[in-house]
Amino acid sequence: MIVLIILAFIIMLAINLPSLIKSRDYKLIIIYGCFYTASFALSLLLAMNVKLPSILEMADSLFKTLKLSY
Amino acid sequence: MTIENSRISAGQFMFSIACFLHSSSLLTSFFVIITRNESWMPFVASIIICIPLIVSYVLLSKSYPGMNLIQINEAVFGRVAGKIVSALYVWFFFTLTSLNIRDLGTFVNKTTMVKTPISIIIILFLLLCVWSAYYGLEVVTRYSIVFLIISCVILFISIIAVYDLIELDNFLPMFDMPLNNYVQVSHIASTIPFGETVIFLMVTPYVDNAPKNLMRYFLGGFLLGSILILIVILRDISVLGNTIQYFSLPSFEVFRLGTLFQTISHMEIMFSILLIVLLYFKISVLFYVTMLAIAQLLNIRSYRPILLPCAALVVVYAFTAFKDVITHTKTAQETTPFFWTLFEILLPVLTLIVSFVKKKAKNKNNRKAVSK
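These protein sequence lines are chains A and B, in that order.
In terms of this note's numbering, the first sequence is residues 5 to 74.
In terms of this note's numbering, the second sequence is residues 3 to 374.
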């Protein structure tokens, strides 16, 4: 699974990077880099069965504490 | 800066809203457990409650012609506060996309492709959504009318197929539950399918003759979509009665029971195809809107280069949002209506009030300056 994810992200880079470099839009390149790194890191963690925190479950407990629930 | 160059007709906009809402018929399972055979009553109440909400969306869009929700936030709340509110909306759109793709994956995995891993189903569907979002709004919404016609035809066929099983007594008894149950279901229906139409505030600037026809087409799409879901609920209750609470997918069971001309039976595959098509449409619209909102918030020229990494994030989020379907359903019944109220009711209404007050103050100052 991890190998497949790495392969998928290499393909993703091969698709996007040439046009990004050609555009010389550095702001877009930085933003792309941030999204790419975040998604790659999180995908790898998920593939390695690391339990990622759920924002929605946290929000659910918060709302229940605030008594904003049925 | 214009990120989206294509435009859609007002009719396309209306059918997109209707199609978007109709795709939520899968989510009726969130509330039929609570009010069982009486679910249609709070559902009708929620349609009536949501009409002023839709009017407020239209008024907000009309106050700032040519601006989408992210641009409106900045114009109303200022640069910093506007960006914060917009970031909250981006998160909301992102969450909706992830939850719907997870719902679609679970549905396909449970009903049609049992042996295929859910991750493969989700990734393939999302790649299709990335493809349509790449070509822009016109492509995303192009087939809304076709999808809607197909779904209406299938709905009509399903009613004929289960005609012999319809029992009007299944609607009885009425008003047999505590008031709190009706309030809860009205709240769920108002926020989970209906309030989600707030996402269309992102595309209103790209609708032809938007300020003039917006009220008619936004409300038309809303009523068309909500009436279609109401017909689905009425059909399901009339066939299943009080047993509706035991099924996670009541419509699927109804299709399973239906027979046509005593030869065609087990028509649940029709329901599966219909729902996959409708959910594909909904997720495409949600994903496109999320990308548009991110590009607008970060002030970049195009959202196209970031489509694939964001799609990967959607997949990760879909898997981490809830550990299973039961938790998702339970949260959708208990806390999600309150949470979604913030994005679908409170923030848009607050934005409308602030913009109204700002405009009034500006007019007053102008009048003072003229009189001096």
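Ideal placement from N, C-alpha and C gives every residue a C-beta, glycine not left out.
Nothing here was measured: the structure is a model prediction, and the numbers come from that model.
Next on the checklist: I need the straight-line Cα distance from I35 (chain B) to D238 (chain B), nearest angstrom please.
Outcome noted: 13 Å
Checklist entry - Quick one: is L315 (chain B) near chain A, going by C-beta distance under 8 Å? => result yes
Checklist entry - Taking the DSSP output, what are the residues bridged to T261 (chain B)? => result B:S267
Next on the checklist: Given a cut-off of 8 Å on the beta-carbon distance, is the pair C131 (chain B) and S286 (chain B) in contact?
Outcome noted: yes
Checklist entry - According to DSSP, which residues form a beta bridge with V209 (chain B)? => result B:I10
Checklist entry - Does DSSP put E169 (chain B) in a helix, in a strand, or in coil? => result coil
Next on the checklist: At a cut-off of 7 Å, would you count K117 (chain B) as near the ligand ATP, judging by its Cβ distance to the nearest heavy atom?
Outcome noted: The ligand ATP is absent from the structure shown, which contains no ligand whatsoever.
Item to check | K284 (chain B) versus S25 (chain B): straight-line alpha-carbon distance, rounded | outcome: 7 Å
Next on the checklist: Cutting at 7 Å between CB atoms, please list the residues of its own chain near F273 (chain B), excluding the five before and the five after it.
Outcome noted: S253, F254, F257
Next on the checklist: Counting only Cβ pairs nearer than 7 Å, list the residues of chain B close to K26 (chain A).
Outcome noted: Within chain B, no residue comes near K26 (chain A); the closest Cβ sits about 11 Å away, beyond 7 Å.
Checklist entry - Whose Cβ in chain A lies nearer than 7 Å to the Cβ of A323 (chain B)? => result S58, L60
Checklist entry - What is the DSSP secondary structure of P67 (chain B), counted as helix, strand or coil? => result coil
Item to check | Test item: CB-CB of T322 (chain B) and S58 (chain A) under 8 Å | outcome: yes
Checklist entry - Which first and last residues belong to the alpha helix (DSSP H) in which Q247 (chain B) is found? => result No alpha helix (DSSP H) contains Q247 (chain B), which DSSP labels as neither H nor E.
Checklist entry - Quick one, are the C-beta atoms of L170 (chain B) and F45 (chain B) less than 8 Å apart? => result no
Checklist entry - chain A beta carbons: is any one of them nearer than 8 Å to that of V2 (chain B)? => result Any question about residue 2 (chain B) goes unanswered here, given that chain B covers just 3 to 374.
Checklist entry - Using DSSP with H/G/I as helix, E/B as strand and the rest coil, what is M176 (chain B)? => result coil
Checklist entry - How should F79 (chain B) be labelled, buried or exposed, when 16 other C-beta atoms within 10 angstroms of its C-beta is the threshold for buried? => result buried
Checklist entry - At what residues does the alpha helix (DSSP H) containing T69 (chain A) begin and finish? => result 59-69
Next on the checklist: When you compare the CB of I19 (chain A) with every CB in chain B, is at least one pair closer than 8 Å?
Outcome noted: yes
Checklist entry - With a Cβ-Cβ cutoff of 8 Å, do P311 (chain B) and Y30 (chain A) count as a contact? => result no
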